[in-house]
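Asker:
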Amino acid sequence: MTMNMTSLLHIPTAFILAPLLLGIINRTKAFFAGRKGQPLLQAYYDIAKLLQKSAVYSRTTSWVFRAGPVASLAAVTTALLVVPVGGSAAPFHFSGDLIFLAYLLGVVRFFTVIAALDTGSPFEGMGASREVQFSVLAEPALLLSLAAMSLIGKIPAADSMLFQGFFASLSEIYARLTLAAWSHSGTVLLLAASAIMIVLLTENSRIPVDDPNTHLELTMIHEVMVLDHSGPDFAMILYAAALKLWIFCALLAGVLMPVRSGNFLLDTTTIIAGIFMIAIGIGVIESIMARLRLLRIPQLLSGAGVFALLAIVLVLKK
Amino acid sequence: MILTLILLPVVAAIAMLGIRPAAVRRCLLIVVAAAHAILTACAWVNLPAPALDGWLLLDAPGLLFLGITSALFLVVSLYALGYLSREDWGKRQDFEEGFLFTNSRESVFLCCLLLFLGMMTLVTVSQHFGLIWVAVEATTLTSAPLIYFHRHRRSLEATWKYIMICSVGIALALLGNFFLAVASTLSENNHVPMLVSNLIQSAPQLHILWLKAAFLFLLVGYGTKLGLAPMHTWLPDAHSESPSVISALLSGALLNCAFLAILRVQQVCVAAGQGAFGQDLMVGFGLFSMLIAAAFILRQADFKRMLAYSSVEHVGILSLGVGIGAGAGYGAMLHAVNHSFTKGMLFLVAGNILAAYHNKSTRDIKGVLTVLPISGILWVAGFLAIIGSPPFGIFLSELTILKAALDQGQFVVAICYLLLLSIIFIGMATIVFQMSQGRPAGLPAEAATNPDSSSFLIGGESALAVIPPMILCAVILILGVYIPLPLQHVLKQAAVTIGAY
Amino acid sequence: MELWIDILIVLLILTNLKLMGSSRLSACIRVVALQGILLGILPLIAGHGQIPFRVMLLSAITIAVKGMVFPWLLLRALRTSNARREMEPFIGYSTSMLLSVGLIGLAIWMGGRLPLPVPLKSPLVVPLALFTIMTGLLAIISRRKAITQVLGYLVMENGIYAFGLTLAQKEPMLIELGTLLDVFMAVFVMGITIFHINREFDHIDTDLLTTLRD
Amino acid sequence: MFLILTAMIVLCASGVVSLWYGKTPGHANAIGPAGTVLGCLIGLIPAVEVLWTGQAEAFRMAWQVPFGSFHIQLDALSAFFLLPVLGLPAIAAIYGKAYLAAYSGKKNLGVSWFFYTILTASMMLVVVARNAVLFLMAWEIMSVSSFFLVCFEDEKESVRKAGWTYLVATHIGTAFLLVMFVLLAHHGPSMDFDHFSAAGMNGVSISGLIFLLAIIGFGTKAGFMPFHVWLPEAHPAAPSHVSAVMSGVMIKTGIYGIVRILTFLGHPDPWWGWVLTGIGVVSGILGVLFALAQHDLKRLLAYHSVENIGIIALGLGMGVLGMALNQPLLAVLGFAGGLLHVLNHAIFKGLLFLGAGAVLHETGERDIEKLGGLMRRMPWTGALFLLGAVAICGLPPLNGFVSEFIIYVAAFSGMGLSGISLSSIAIITALAMIGGLAAACFTKAFGVVFLGEPRTSAVMQAHEVSPAMRFSMVILGISCILIGFSGPAVISVMKSVVETVTGYQGYDIAAHLAVSLPPLKHISAAAGILLAILGVLIWLRQRLLSHRNVAQGGTWDCGYTRPNARMQYTASSFAQPLTGMFGFFLQTRQEAALPEGFFPSQSRLHTNTEDIFTRNLYRPIFRCIERFLLWLHWMQQGQVQIYILYVAVTLLLLLIWNLR
């Protein structure tokens, strides 16, 4: 298996910087609201505090409830292994890793949901049910948009059955997304990027799909599922959420920042900058948009799916 | 040899009327049946010489059907022993309408039974068309009293219909014979004798038009007896009202005799190069019979009638097989064997169920499997066999016929055949499992099974009631997984006689 | 000779029509008896040249059985059964007459379509036979009483017989006798059955014989 | 070969013996399972050997039935199918012994075990038979014996109805197979399989026809939509170990049949692949949707079998397309993925059915709305069911992911190839949606059944099942994990199997399969890492919580005092957003009494999702046929005169037709 040492640096970077994204988003929102807002490092404080706390468990719950956060965090961390940061390849890259990535996120969802159901609380059940509903539409959208990008620069039809032409790993796909790629199939990338953006907002329970701030409101999805977690467990959940956000931002930034100089430092820094930009973008969206009605969200997601399909059709036409 | 085969039962029959003690009579029945079976077996080993200057002669088809008849009769007479001893001879109440009735005298019953056997034997061995006609009519007349064994109005009605319809049919067959005679009048004073062999020899000179007309009359005539729709109408009544022993013989043996008679005519037609003419007709009749059977098996309220209609279905398949020709000929012959034994078994089991429940309604009877374990299993097994599910024999014969049909490129026929088979399967399955599964219901007040203490029991049922169907079940099971070479040989020859293979 | 045959044939046809037209059972039975006798005579004059012994014997037996035994049996059955003497038909008499006229036409057409290999004295024999058979069937189908159905069967049998006697003369004796015997037995058994029916239902209408159905 | 025959004989013999001892349940319930396990083990030896070496063995014997010869052969394909065909019944038998013990005395266990062994033996024969007559016999015996197993509790009306549906469906399916085999053997004196392969199809048309017949005939058994209608009826009705065998293995014989027939038909047409893909998409998505709408746990699992059959069909469709358009890579990957999923599905579906059986055995309840909180009462069953659930959702690192991954890879590599792109996109979308829906469905099933608080008193006194039952489930669970982690090894086993199916020769198969090796290696490694991280985190968590006082409390009820068990989220409400979203397909009927007024007294909601194909396709057809046939009943109305009229008229018409 191929593991280039430099790319291992991505992992600690993500570990360190991920919670910062939450801070950035909050700060952006505060800026738009004209407030001072919580400190940038608030997420770090929270996690640290929670880690020191003890935990309270409902009598209803079983080990499944305790396993939930651990499993999610483990899965997300593993997912980090295959996510390239822009042009520089991920520590693991193999054809089909995008499927692996999608399914690891599936694992996260699965365990969050059953942990929620374990409490037997109607609120958490409701959140869980919404979570799975949206994922049904989000997952195809994500896979299809990645598929569309994987076709860019792939040698067409006839000789593409040569083994190396057999389909690309995430890292290779992202390596191919150069300025040139943008110049000759910009629309495709734009469509794909917007699809990924929508999925990002859904998967990380941001406005307009979900509202991470309003606690305990029946409109909520993700937050309500973790109501009962406390102490270290909740810390893990927060951290996992941050990492998940990081992953999606990285994926998006990789598309939007076609900087493939080949210089590891330059590339990485630009992409990370891009990731922060996206965080700010999310903040902007959150402050200028209202939450959609729940019934609208499936339409939004199927819209993402349609974008992805369009992207594929376009790229196949080329 | 051949004469003995015929005379043995006839003489014994006449003797029956004389003998007083019931035990002796029943022993005589068994003895005759066994002797007949043994003689038949000998005939299978080496063909007996023709008798009455070639009027009586055993060729492949005759041998085949003689074998079936004799074997089935032996088993059935075993069952009859138990049946007659279980039957109470006093006045008793009819369980459907409640009036009182008695049985006809046992001596008369046995006498007619043996005569019936004798006449069926005569059909199988006779080569002269006139003689065949006489024999077939005789089977009708001898079996009429058997159907009227239980002397009540329903069986009487059944008997009347049986006699009227069959006699009319047979009368038409007689006219057919005369037409054949005309067809064989070569010139003023030059007649071909009405022997199968001679007719086949001089087939090319026969008058085609008269031959065809003759075939029509004989087909309709004997077809009435065979139970081809729409001439089948007597069949369900007779089978449902006669005692199960008789129903078994009617379905298992008598139908074959009529079938053989038709085969004889077909032989001549084939020799005269008119095979196709007959074949198309038989395909038509076959499919129509299956359709009618399907229609009446669906939602059938009386399980003996259901079996009767299934007989209609299977004679339909027989004539279909002959009609398709080629490989189907072999299939039809094989099917005749399988159907006889299967249907015989089913009717015997039906007798047991009827005896236990005193009820023929498929809706009231439930849980046969729990009430009569052995009969229940045999009932289900028989059902599987009759609808042609392996490893029972009928599967093979139906597959053979289907293959022939498709190989001939007769796709429409094949599709109708499968479709009707499926419908019939659904109809029968619904009824049979309604009856056999579930909690027992519709039992008469007295204990479900009251076998007489004298006979010893198997699984709570009297041995003589379950062993005969068991034997038949074993036979069809064996025929389903292994067809003995001598049988194959005879089947092939029989198929060849009607221009198939 | 031809003249006699034609007369005979016409008589036979008339008997058929009479059978269809008459309303009294006893009358019908007598008609059938007459028909039987006429049939017995038919082969004697239909034959060529001098009459062989077996033909004589056969016609004698025929006259005896068809002309005397059967009618006697049936009349006796009729007497025992306290059935009303009229025969309420499904199809009215006039209609039956019309039908039978139609049947004559059909019979003649068929006879025309079936050319005989050996020319006969009268071309009418085949149509006659066919017509008689059809009449018999019509009688069975259109009448209610069990006895009339037996009568119909007899008439049918007569028709077939007429055909056989006149055309298939070379039939071996044994078969002829066997046939006769069978017919005789058949009628006998039917008679017995009628007797039982009468005892069970105390009349011989077949309307009540419709309990077995689907 | 010798061992194969021995295995069959052992199975049948033990069946007969246990039937003989039917009256003494103790014996029957001992001999049946013992014989099954023994026979299956014997049979597995040659299967494994053949898979290892790749050399086929054959045995031929003359047989005195028309077109028949006793010809059996064990090639890689048969051997591969033998693994589930023998493995699952053996494991389920151990379970069944304990499961049926509850019925001893009430039921004749001898009969049950007789049919169980016969079913196993006949499935074996189906897989190894090389003669159409032999195959059909085995096929029918398989159907009939499974029918009797389904009718185990025949005193229940519902069971009888289910059995009837099953019998009718399978029989009609067989009718198509009859035609198919006869056409394959056209004019041949014998119906041996090698004559099929020898007899070249005359023209494309007939091979297309044969393919369609195979799809219908075998698809009925396999549970392709819309031929699946019997499946959700029959599987819940049967005893759970039987449902496991039927759902896990028996329906796979249909897949086997299709693959086997493909080997006779030579070079396929592209449209075959499209047909298979279409069926796969429909079965997959609709199957899981209907599963989502069920309340009956076993019925839900049955619909999931339809879904997984759909996934298998997707793989096969990719394979056929690859063969048709000369893309060996796709062919190899497609078949490998599809066939591997056959094995995987057998394992986890078996596990799930056994788990459901355990629940049923303890609580007597199949309606998931009445269950709940079983995790703390049946920890083993709960954990194993969870394992199965994760596996069937195709989540890494378990076996379900491996096969789905290979199919994905095939689909992705097919993109951009003319004629394949469309089905590739269809397959990717379908698989992704199926993944999401399956996750929804099993979080619902597992969550509502095992988590939260018990919803009825019946659940309260439930406790863990007997060791025997646990043992079988544990074995299945372990094999889920093993296959999940040893993807590369498994895929290399598929080499000889795919070789038999595609007819490609050794080298390039290996090469093509090799393409999927590095990813699988990575995945196994990543899975390892995942476990490592998991371990670390668990350890960390323990450390943190070790010397702190961990409090117990009620579930945080958002300010509402004392939530009770009935207030938990129900399965229907959990699934409602999705079932509502796809309401068009499901056509769920619901009667509801909604709460109204300021102090609503009572309200209720009941939903019933009937199969759309039963309701809108089959029932109308049957009705129509029945009406016509019953209309014919005027013929037989008892008037002897009319009957004779029939005779006369028939004769007259024939005469006129002849003399005209």
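Residue numbers (our numbering), protein chains in the order written: chain A, 1 to 318; chain B, 319 to 819; chain C, 820 to 1033; chain D, 1034 to 1693. Think of the CB as a built atom: it goes at the ideal place given N, C-alpha and C, for glycine as much as any other residue.
Do D/Ala1712 and D/Cys1073 have their CB atoms nearer than 7 Å?
Answerer: Absent from the structure is residue 1712 of chain D, since the part of chain D shown begins at 1034 and ends at 1693.
Asker: Scan the segment 347-405 of chain B and note each continuous alpha helix (DSSP H) run of 4 residues or more that stays entirely inside, going in chain order.
Answerer: Whole alpha helix (DSSP H) segments, 4+ residues: 378-404.
Asker: Taking just the CA atoms, how far does C/Thr834 sit from B/Glu475?
Answerer: B/Glu475 and C/Thr834: Cα-Cα distance of roughly 31 Å.
Asker: Tell me where the alpha helix (DSSP H) around D/Leu1578 begins and ends.
Answerer: Element bounds for D/Leu1578: 1550-1579.
Asker: Give the DSSP-derived three-state secondary structure of A/Pro39 in the structure shown.
Answerer: A/Pro39: coil per DSSP, three-state reduction.
Asker: In angstroms with no decimal places, state the Cα-to-Cα distance between D/Pro1066 and D/Arg1399.
Answerer: Taking the straight line joining both Cα atoms gives about 25 Å.
Asker: Would you please state the rounded distance, in angstroms, between the beta carbons of B/Leu636 and B/Ala646? I believe it to be under 8 Å.
Answerer: Wrong, their Cβ atoms sit about 10 Å apart, outside the cutoff.
Asker: Based on DSSP bridge pairs, tell me the residues matched to B/Leu513.
Answerer: According to DSSP, B/Leu513 bridges with B/His446.
Asker: Verify whether the separation of the beta carbon atoms of B/Asp620 and B/Ser558 is less than 7 Å.
Answerer: Yes.
Asker: How about C/Thr967: is its C-beta nearer than 7 Å to some C-beta of chain G?
Answerer: You won't find chain G in this structure, because its protein chains are A, B, C and D.
Asker: Against chain D, which members of the segment 548-578 of chain B pass a CB distance test of less than 8 Å?
Answerer: Of all residues in the segment 548-578 of chain B, Pro548, Met549, Thr551, Trp552, Pro554 have a Cβ within less than 8 Å of some Cβ in chain D.
Asker: Measuring straight from C-alpha to C-alpha, what distance separates A/Thr2 and A/Phe65?
Answerer: In this prediction, A/Thr2 has a pLDDT of 46, which is less than 50 and means its spatial position is unreliable; what the coordinates show is noted afterwards. Near 36 Å, if we compare the C-alpha coordinates of A/Phe65 and A/Thr2.
Asker: Taking only the alpha-carbon atoms, compute the straight-line gap between D/Ala1495 and D/Leu1407 and give it to the nearest angstrom.
Answerer: Cα to Cα, D/Ala1495 sits roughly 8 Å from D/Leu1407.
Asker: Quick one: list the residues of chain A neighbouring D/Arg1503, beta-carbon separation under 9 Å, in chain order.
Answerer: In chain order: nothing, as chain A lies at least about 17 Å away.
Asker: Does the CB of D/Arg1576 have a neighbour CB from chain A at under 7 Å?
Answerer: Taking Cβ atoms only, chain A never reaches closer than 7 Å to D/Arg1576, which makes this a no.
Asker: Is D/Ser1191 close to chain C, meaning its C-beta is less than 7 Å from at least one C-beta of that chain?
Answerer: No, its Cβ sits nowhere closer than 7 Å to a Cβ of chain C.
Asker: With 7 Å as the threshold, decide whether the Cβ of D/Asp1225 is near any Cβ in chain B.
Answerer: Chain B, which has no Cβ nearer than 7 Å to the Cβ of D/Asp1225, makes this no.
Asker: Looking at the ligand ZN, does it come within less than 6 Å of A/Val107, judged from the CB to the closest heavy atom?
Answerer: For the structure depicted, the ligand ZN is absent and the ligand set is empty, with no information on it obtainable.
Asker: Going along chain D, which residues have a C-beta under 7 Å from B/Gly487?
Answerer: In chain order: Val1680.
Asker: Measuring CB to CB, does C/Leu861 end up less than 7 Å from C/Ile870?
Answerer: Contact flag unset, no.
Asker: Determine, using beta carbons only, whether D/Ser1051 comes closer than 7 Å to chain A.
Answerer: D/Ser1051 does not count as touching chain A.
Asker: Could you say if the segment 84-99 of chain A and the segment 1495-1514 of chain D meet the contact criterion of at least three C-beta pairs nearer than 8 Å?
Answerer: Touching, no, given that fewer than three Cβ pairs across the two stretches are closer than 8 Å.
Asker: Can you look up B/Gly706 in the DSSP assignment and give me helix, strand or coil?
Answerer: Looking at B/Gly706 - three-state DSSP - the assignment turns out to be coil, as it is neither helix nor strand.
Asker: Please look up how many angstroms separate the CB atoms of B/Ile794 and B/Ala703, rounded, as I've assumed it's under 8 Å.
Answerer: Yes, B/Ile794 and B/Ala703 are in contact; Cβ-Cβ is about 5 Å, under 8 Å.
Asker: Just to make sure I have the definition right: I need the residues of chain D whose C-beta is within less than 9 Å of the C-beta of B/Phe614. Which are they?
Answerer: Within 9 Å Cβ-Cβ: Leu1662, Leu1665, His1666, Met1668, Gln1669.
Asker: If B/Ser658 sits next to B/Leu390, beta carbons under 8 Å apart, how far is it from one beta carbon to the other, in whole angstroms?
Answerer: That pair is a contact at about 6 Å.
Asker: Would you call the segment 1473-1490 of chain D and the segment 1361-1378 of chain D in contact, with 3 or more CB pairs under 8 Å?
Answerer: Verdict: no, contact absent.
Asker: Does the distance from the C-beta atom of D/Gly1076 to that of D/Ser1047 stay below 7 Å?
Answerer: No, they are not a contact pair.
Asker: Using DSSP's beta-bridge definition, name the partner residues of D/Lys1225.
Answerer: Rather than Lys, the amino acid found at residue 1225 of chain D in this sequence is Asp. D/Asn1164.
Asker: Mind checking which residues open and close the alpha helix (DSSP H) that includes B/Val630?
Answerer: Run containing B/Val630: 621-642, per the alpha helix (DSSP H) assignment.
Asker: When DSSP labels each residue in this structure, what does B/Ile488 get in the three-state scheme?
Answerer: Here B/Ile488 sits in helix by DSSP.
Asker: My output table needs one value for D/Gly1586: the three-state DSSP class, helix, strand or coil.
Answerer: Three-state result, D/Gly1586: strand.
Asker: Taking the alpha-carbon of D/Lys1285 as reference, which of D/Met1175, D/Leu1663, D/Gln1669 has the nearest alpha-carbon?
Answerer: Of D/Met1175, D/Leu1663, D/Gln1669, the residue nearest in Cα terms is D/Met1175.
Asker: The alpha helix (DSSP H) with D/Val1534 in it runs from where to where?
Answerer: 1520-1535 is the span of the alpha helix (DSSP H), which, as asked, contains D/Val1534.
Asker: For B/Pro561, which residues in the same chain have their Cβ closer than 6 Å to its Cβ, ignoring the five residues on either side in sequence?
Answerer: Within the same chain, B/Pro561 has close Cβ partners Phe467.
Asker: Less than 7 Å between the beta carbons of D/Ala1063 and D/Gly1055, yes or no?
Answerer: No, the Cβ-Cβ distance between D/Ala1063 and D/Gly1055 is not below 7 Å.
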